[in-house]
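Have a look at the structure below before the remarks.
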Amino acid sequence: MSNRSLGRLVAALFILFCTRVAGAAPFAWVPNSLDAAVAVVDLATNTVVTAIPVGNGPAAIAILPGDAKVYVVNQATDNVSVIDTASRTVVATIPVGDLPLGITALPNATRVYVANQNDRTVSVINASTDAVIDTIPFPLGYTPISVTAHPDSTRVYVTAGDRLFTISTASNTISNFVQVGASPGGLAVRPGGAEVWVANRFGDNDISVVDTATNTVLTDIPVATLPYNIAFSPDGTRAYVVTNGGGTVDVVDAVARSVITSISLWPATSGPVGVSITPDGSRVYATLSQLDRMRIIDTATNTLLPTVILVGDAPQGWGDFIDGGPGVAPPVPSMGGLGLLGLGVSLAAVALGASRRGRASQA
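At position 48 of the sequence shown (counting the first as 1) the number is 114 in this note's numbering, and the numbers step up by one without a gap.
Have a look at this one:
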């Protein structure tokens, strides 16, 4: 075997390995508030593979970019459980503020931010040490509900009162705010980072679109009753809004800023709370807290699939609860740079051995 052929073989084997890893199906990490557990759902088969005990009243999920850890907000025990995704066990429990709800991880995977309702604070967690390193106070009368991060990791957005607050991650202080609708809840940054969409739950029943450069509301998009949470397609052209009062997922054209269709999760009293999308954008998953299940929407046809996934008692799902999310490459398990180098050396050795055996057989 020539050196050129050897090199091609090594490259092909390496690409095959990486493709196998990257092609792994994503998992959903669903917090079931009355089970005190997180159900892990294999989205290749849409089956629950395990349930991981956490604190009481788990409600929200943040998956650290790279998918190594999952952070779970436990409302009733005022703490955050840290799940190691490889072993699927809780490896740390972090005390935070009183009645936490929203949680997000910075895209650079350095910190996690938690909104504490009764304390009117946001806890800042070091993602390396899993310890609280700062606490950000909010003004009197403004209760932090939900939180998300800008793609460049310089800003965190928090819904509180009738406002959207901006936190500078450099100083961990409130740097700006803008008035949105009544009682804003869930929010999401549109891919690209130019806009934050805020779900205004009570009274307004709409989505405020906020320009992140000017910190101004560009428009409000009417949706069904009690919009709770929002998920964007990976390309940012569609937004999926779960409405707790309407029992729907409203599909919004993010360019035209209008509802394309409203998909009933039937019945209207099913209590949908969480919504998340697969990395390839082909499926949307919604949690139904009153029916202890999760339903699936085909995004190509905007139809509700017949599959019903029984996940546990009173599933919630604030935040993006599907791993390998938009823009996050699946990690190579247990392999850093040296691991990849070792893989390359091993593959080269295999190929070289095959080459030598080939020469010996020709002699």
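Quick reminder that beta carbons are idealized off the backbone N, C-alpha and C, glycines included.
Minimum C-alpha distance to serine 355 - residue among Thr365, Val377, Ser219: Val377
Three CB pairs or more closer than 8 Å across the segment 288 to 305 and the segment 329 to 347: yes
Exposure label - proline 124; buried when at least 16 CB within 10 Å: buried
Simplified DSSP assignment, three categories, for serine 189: strand
Exposed unless 16 or more other CB atoms sit within 10 angstroms - verdict on aspartate 301: exposed
Sequence-distant residues of its chain with Cβ nearer than 8 Å to leucine 109 (five each side left out): Ala91, Pro92, Phe93, Ala94, Thr344, Arg349, Tyr351, Ile388
N-terminal and C-terminal residue of the beta strand (DSSP E) that valine 318 is part of: 314 to 319
Run of the beta strand (DSSP E) containing alanine 175, from where it starts to where it stops: Unbroken run through alanine 175: none, as it is neither H nor E.
Cα-Cα separation between aspartate 379 and aspartate 358, rounded to whole angstroms: 5 Å
DSSP state of alanine 334 mapped onto helix, strand, coil: helix
Secondary structure of serine 99, DSSP reduced to three states: coil
CB contact flag (aspartate 277, glycine 247, <8 Å): no
Burial state of valine 14 (16 or more Cβ within 10 Å): Given that the chain is displayed from residue 67 to residue 429, the structure contains no residue 14 and the question cannot be resolved.
Simplified DSSP state of arginine 229, which is helix, strand or coil: strand
Supposed close pair threonine 492, asparagine 122 - CB separation, criterion 8 Å: Shown here, the chain extends from 67 to 429; a query on residue 492 therefore has no answer.
Element boundaries [beta strand (DSSP E), containing tyrosine 294]: 293 to 298
Of the residues Thr225, Asp218, Thr195, the one placed nearest glutamine 183, counting alpha carbons only: Thr225
For aspartate 12, the three-state DSSP class (helix, strand or coil): The requested residue 12 is not part of the displayed model; the chain covers only 67 to 429.
Strand pairing of alanine 197, partner residues [DSSP]: Asn192
For tyrosine 137, three-class secondary structure by DSSP: strand
Same chain, Cβ closer than 6 Å to tyrosine 208, neighbours up to 5 away in sequence not counted: Ala226, Gly227
At least three beta-carbon pairs within less than 8 Å, the segment 148 to 163 to the segment 123 to 139: yes
Buried versus exposed, by CB contacts within 10 Å (16 or more), glutamine 451: Only positions 67 to 429 of the chain appear in the structure, and residue 451 is not among them; the question remains open.
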